[in-house]
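Beneath this line is the structure, given in structure tokens, with notes to follow.
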Amino acid sequence: GSAFKIDDNGLVNSVTINGVTIELDQNFYYYNGFVGDNSNSDKRSSGAYVFRPDGDIKKVSEQATVSTVEGQLVFEARQQFNDYVSQTVRVNTIESYIEFDWIIGPIPTNDPNGIEIVSRYSTKLATNGTFYTDSNGKEMLKRVRDYRPMWDLKNSESASGNYYPITAKIAIKDEEQGIEVAVLNDRAQGGGSLNDGEVEIMIHRNCLHDDAFGVGEALNEQAFGQGLVIRGSHYITVGSTSDDNGESISAIEKDIAQRKLLDAWTFLTPLETTIEDYK
Amino acid sequence: SQELNDLREVMGVLQHHDAVAGTEKQHVADDYSRQLQRALNECANITSTALNKLLSVKSSTGKSVSEKLPLNSCLLANVSQCAISENSDTFVVTIYNPLSRAVNKVVTLPVKDGNYDVLDQDGNSLTIDVLPIPSYVANIPGRASSATHDLYFVAEDVPPLGWKSFIVSSSQSNKKKSISSSKPNSDS
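As given, the protein sequences belong to chains A and B, one line each in that order. Under the working numbering, the residue at position 134 of the first sequence is numbered 662, and the numbers go up by one with no gaps. Under the working numbering, the residue at position 84 of the second sequence is numbered 212, and the numbers go up by one with no gaps.
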């Protein structure tokens, strides 16, 4: 029941899930990390402890090279954005979500600022500066951009000041249309909704300067002699916020989260006898 | 319990805020990986023993299963690498559901190019897809695999806190079987 459309530029531009179709653009962006001064106190570097972007967010690429693979159970769009950003967008016949399966890295290290990569999902939902992130994978908490419930906020860091931990889920709602979009992640990440109708989640970063908060080294993880290559998934689901037409989006999200966080285990046994002997 | 305690202890260590937030030094991150891998390997014996008990109880033929079935995990399946699925002509896939309700699961296994058949416990042939692995996955640094494709099938209605098994065979082993095999018993 899930489907997505891809534009001429190779990017996803609409999705249909749980009977609801919305415009949804997805692309990868990056921030350059801030480089501090020598004392790293007044002007502190972006690093392991703090996310401090230097300048505006930029697109990794305006377009992706895309190919599609269609089976009886699975349909995939395979996107290559550049040398270090690729993604498979996948639907199958049984799930009420669309999987965005990204592979990022090795992030180049030729720029002193470092690169902090996010995946951004943009819709036309009217969200009024409000979004929801979970706390410890349990309770969804209401977040309002540039606002704290306990004090008057003067936000001097427009991006990172609106980033929150996303343990398992981030969601936005259009109360008038009664539509909710949720992104479930397969690991704890940081993210937020910096513009109405948008969700962005940071998925990989290198920070080539220590932020002087204690780790004492730059964040530039290596494996096999080069920068780390990571793979992971976001599961996007969309649905009605009311129960009127059957299962609510909350119930659907809970079902997905349970099946991802307590996924079925797969065991393999090589068969050296006949199938009948095995049985 | 020693094997289980090793994993408990490592999970305790990984509750440290540096491990949770990723603010540990690189060599500490490497050590976390080392400890976790070792503990998971040790626990494989426990999961295998526990699941063998379930398998034994569930045996529908009434025969007691005297031999312990090896149940292996493929921890690198996330980069489409698994020695068993890519090198065995015939193998059994056992899916254990840790939830207290039945689930459907799309099973994905790395395999070599070829024709495959997947049978459920009743001997029914399932719908499958065998799709080529994209180059950006095949070229992930450190991946050491001869798999060129991913095999997909749906494990339907895996019972709560229970299991289902499926038999995967490549076309080469199918040809061999067609000479000697008969249809599975109706009660198996």
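C-beta: ideal position from N, C-alpha, C; glycine also. Since we're looking at a predicted model, the values are computed, not measured.
Report task. Could you please give the first and the last residue of the uninterrupted beta strand (DSSP E) stretch that includes Ser228(B)? Result -> From DSSP, Ser228(B) is part of no beta strand (DSSP E); its letter is neither H nor E.
Report task. Would you kindly check if the distance between the Cβ of Ile295(B) and the Cβ of Thr177(B) is under 9 Å? Result -> no
Query raised in the report: With 16 other CB atoms within 10 Å as the buried threshold, where does Ser686(A) fall?
Result: exposed
Query raised in the report: Between the stretch 173 to 187 of chain B and chain D, which residues of the former have CB atoms less than 8 Å from a CB of the latter, in chain order?
Result: In the structure shown, chain D does not exist; the protein chains are A and B.
Report task. Find the residues of chain A that neighbour Ile295(B), judging by a C-beta separation of less than 8 Å, and give them in chain order. Result -> Contacts between Ile295(B) and chain A, judged by CB atoms closer than 8 Å, involve Leu799, Ile803, Tyr806 in chain order.
**Report entry** Residues, ordered as in the chain, of the stretch 699 to 732 of chain A that lie near chain B by beta-carbon distance below 9 Å
**Finding:** Ala716
Requested in this report: State the Cα-Cα distance for the pair Gln249(B) and Ile803(A), rounded to the nearest angstrom.
Outcome: Distance between the alpha carbons of Gln249(B) and Ile803(A) is about 11 Å.
Requested in this report: Count the other CB atoms, across all protein chains shown, that sit within 10 Å of the CB of Met139(B); report buried if there are 16 or more and exposed otherwise.
Outcome: exposed
Query raised in the report: If we ignore side chains and look at the alpha-carbon of each, how far apart do Ser684(A) and Ile694(A) end up?
Result: Their backbone Cα atoms lie some 22 Å apart in a straight line.
Query raised in the report: According to DSSP, is Gly529(A) helix, strand or coil?
Result: coil
Query raised in the report: Does Gly242(B) get closer than 9 Å to chain A when you measure Cβ to Cβ?
Result: no
Requested in this report: Please list the partners that Leu197(B) has in chain A, where partner means a Cβ-to-Cβ separation under 8 Å.
Outcome: Thr797
Requested in this report: Please confirm whether Ala792(A) and Ile268(B) have their CB atoms less than 9 Å apart.
Outcome: No, these two residues do not count as a Cβ contact at 9 Å.
Query raised in the report: Taking the C-alpha atoms as reference points, what is the distance between Val672(A) and Gly657(A)?
Result: Cα-Cα distance, rounded: 6 Å.
**Report entry** Opposing strand residues paired with Arg606(A) [DSSP bridges]
**Finding:** DSSP output for Arg606(A) lists Ser595(A), Thr616(A) as bridge partner(s).
Query raised in the report: Is there a Cβ from chain A that is less than 9 Å from the Cβ of Cys171(B)?
Result: No - not a single Cβ of chain A is within 9 Å of the one on Cys171(B).
**Report entry** Rounded separation between Val563(A) and Val743(A) - CA only
**Finding:** 16 Å
Query - Status (buried if at least 16 other CB within 10 Å, exposed otherwise) for Leu132(B) - result: exposed
Query raised in the report: Interface residues of chain B around Ala751(A) at Cβ under 8 Å?
Result: Under the 8 Å cutoff, chain B gives Pro269, Gly270.
Query raised in the report: What in chain A is Cβ-close to Gln154(B), meaning under 7 Å?
Result: Glu745, Glu749
**Report entry** Proximity winner among Leu796(A), Asp739(A), His762(A), relative to Asn566(A) (alpha-carbon distances)
**Finding:** Asp739(A)
**Report entry** CA-to-CA distance, Ile256(B) to Pro798(A), given in whole angstroms
**Finding:** About 20 Å.
**Report entry** Gly561(A) to Asp629(A) span [Cα, whole Å]
**Finding:** 25 Å
Requested in this report: Figure out for me which residue from Ile777(A), Asp639(A), Tyr806(A), Met678(A) has the closest Cα to the Cα of Tyr625(A).
Outcome: Ile777(A)
Query raised in the report: What is the DSSP secondary structure of Tyr691(A), counted as helix, strand or coil?
Result: coil
Query raised in the report: Helix, strand or coil: which one does DSSP assign to Asp783(A)?
Result: helix
Query raised in the report: Between Glu152(B) and Asp146(B), which are expected to be in contact by the criterion C-beta below 8 Å, what is the C-beta distance as a whole number of angstroms?
Result: That belief holds up - the Cβ atoms of Glu152(B) and Asp146(B) are roughly 4 Å apart, short of 8 Å.
Query raised in the report: Cβ of Gln648(A) less than 9 Å from any chain B Cβ?
Result: According to the sequence provided, residue 648(A) is Arg. The question's Gln does not apply to it. Cβ-Cβ to chain B under 9 Å: no for Arg648(A).
Query raised in the report: Based on the DSSP output, what are the partners of Met668(A) in its beta bridges?
Result: DSSP, once it has assigned bridges, lists Asp662(A) as partnering Met668(A).
Query - Reference Tyr82(B); option with closest CA among Val207(B), Arg229(B), Leu142(B), Asn173(B) - result: The structure shown does not extend to residue 82(B), since chain B is modelled only from 129 to 316, so the question has no answer here.
Report task. Indicate the three-state DSSP secondary structure (helix, strand or coil) for His762(A) in the structure shown. Result -> strand
**Report entry** Contacting positions in the stretch 545 to 565 of chain A - beta carbon closer than 8 Å to chain B
**Finding:** none
Report task. State the Cα-Cα distance for the pair Glu703(A) and Thr651(A), rounded to the nearest angstrom. Result -> 14 Å
Query raised in the report: Listing by chain order, which chain A residues have their CB less than 9 Å from the CB of Gly290(B)?
Result: Neighbours of Gly290(B) on chain A: none; closest Cβ ~10 Å, over 9 Å.
Query raised in the report: Looking at C-alpha atoms only, which residue of Thr801(A), Tyr692(A), Ser768(A) is the closest neighbour of Ala149(B)?
Result: Of the listed residues, the one whose Cα sits closest to Ala149(B) is Tyr692(A).
Requested in this report: Can you say whether Asp536(A) is buried or exposed, counting buried as having 16 or more other CB atoms within 10 angstroms of its CB?
Outcome: Asp536(A) is exposed by the Cβ-count criterion.
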